[in-house]
Structures are given as C-alpha cells and as structure tokens.
Amino acid sequence: MERRKFLRRGAVGVTLGTVGCLGMGGEVVVTVSRDVSVQPGTGWIREIPDVSDPGGSISYISRSQAPFDVYFFTSEKQMRQYDAYTSGEDPETKPTGDRDIGRTATETTGGEYKASTENDGGRQSIDATGPYYFVLDHSDYPAAGGAWPSDMPERRTIYLDLTVTEKRFGF
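Using UniProt numbering, you'd call the opening residue of the sequence shown number 1 and step up by one each time.
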C-alpha cells in the first residue's frame, strides 16, 4: 500500500514539474505596454539585457498613425552607429540590426501603421548575445528604408506592447 502512495505522489510531482517547465516559458525580463513619444530625427531606445544563455525570446506589436521603423540592434557598436547618425554624424556603416525582429511599419487596411514580430506579435527567438537595443525610429535612418523627410516634422506617438523573456530551467 505504501508503495502505491509513493508511486502516485511521484507521478503527480513529475507531471506538475513538467507542466511548470513547459507552461511557464521563462521569466519576463522586460515589459512595456504604453504609448511612446518619439521626436523627429530621433528614436525611442530601450536597452534589453542579454537573454541568450540559455535562450530568450521577444514579442512586440507597435502601432501609429504615421510611418516608423523598428530596429533591434544586437551590439553596442551597432547602437553607437545609429546614435551617431541620429546625432548628425555620418558613420561609415549604418547597420540594420536583426531584420528578422526589426522591420518597417506597414499601413493596415484601417489606415494605421503597424510593425510586429512574426505571427502578429508572436514570440521570436533571440539568437545573438546581448545587450540588445530595441528602437522605435522616427528619423531618416536609411537602413530599413527610413521615413521620408516630409513625414518627419511632428512628434510621433507609437503604441508599444513589448515583452522579452529569458528561459529558466529549474533542474
């Protein structure tokens, strides 16, 4: 009888432990869910810590009434080059960042502009080591297309729903 109780408890413990590992999906390290104000010729920047070991993911949806770009820079060097450009300098290179994550917002049928991770804001793996820099861009930075100068005179309000998750294994 004791053996059956022990086996039953063991089976329940293994089941609950497995559900916790698979269902939780990791620890949220960054979350933003709000309107962001971006001045012309600049970008709103959020530094994200390294989540590459043992793995991490990002998901976002961003919307605005005007065009904008999203960049996901995977090194400080890339970020410095972007920052130099938006400060009026002309750096030798203008990195695009990770274009699997970053993208140019496209116009929806409702007339707003939207950019998101694949599958309408689904999780995407982050393969590079960090730190990372998530940028909502309102400049003519040319790496992803850039906004047209005539589109730039006013501040942009961009709604951002961003989540970055770091995988955690409890073994």
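Note that CB positions come from ideal geometry on N, CA and C, so glycine has one too.
Quick caveat, the model's predicted, so the values are computed rather than measured.
For residue i, the three-state DSSP class (helix, strand or coil)
| i | result |
| --- | --- |
| residue 124 | strand |
| residue 196 | Residue coverage of the chain in this structure runs from 1 to 171, which leaves residue 196 outside it and unanswerable. |
| residue 86 | helix |
| residue 107 | strand |
| residue 118 | helix |
| residue 156 | strand |
Neighbourhood of residue i by C-beta distance below 8 angstroms, restricted to the same chain and skipping five residues each side
| i | result |
| --- | --- |
| residue 113 | 63, 64, 65, 66, 67, 68, 105, 106, 107 |
Selected residue, minimal CA-CA separation from residue i, among the options
| i | options | result |
| --- | --- | --- |
| residue 37 | 124, 164, 26, 158 | 158 |
| residue 100 | 91, 59, 86 | 59 |
| residue 133 | 49, 40, 86, 92 | 49 |
| residue 79 | 163, 88, 131, 55 | 131 |
| residue 141 | 27, 33, 40 | 40 |
| residue 27 | 51, 126, 43, 35 | 51 |
| residue 247 | 87, 42, 33 | Within the shown structure, residues of the chain are numbered from 1 to 171, placing residue 247 beyond reach of any answer. |
| residue 167 | 126, 87, 161, 135 | 126 |
| residue 118 | 30, 35, 57, 89 | 57 |
| residue 76 | 135, 162, 163 | 135 |
Whole-Å CB distance - residue i paired with residue j, under 8 angstroms assumed
| i | j | result |
| --- | --- | --- |
| residue 156 | residue 138 | 5 angstroms |
| residue 121 | residue 45 | Actually they do not touch by this definition, with Cβ atoms about 20 angstroms apart. |
| residue 72 | residue 98 | 5 angstroms |
Close beta carbons around residue i, own chain, < 6 angstroms, minus the five adjacent residues each side
| i | result |
| --- | --- |
| residue 115 | 62, 70, 103, 105 |
| residue 92 | none |
Cβ shell of residue i (< 7 angstroms), same chain only, five flanking positions each side left out
| i | result |
| --- | --- |
| residue 81 | 91, 93, 94, 95 |
| residue 128 | 52, 74, 98 |
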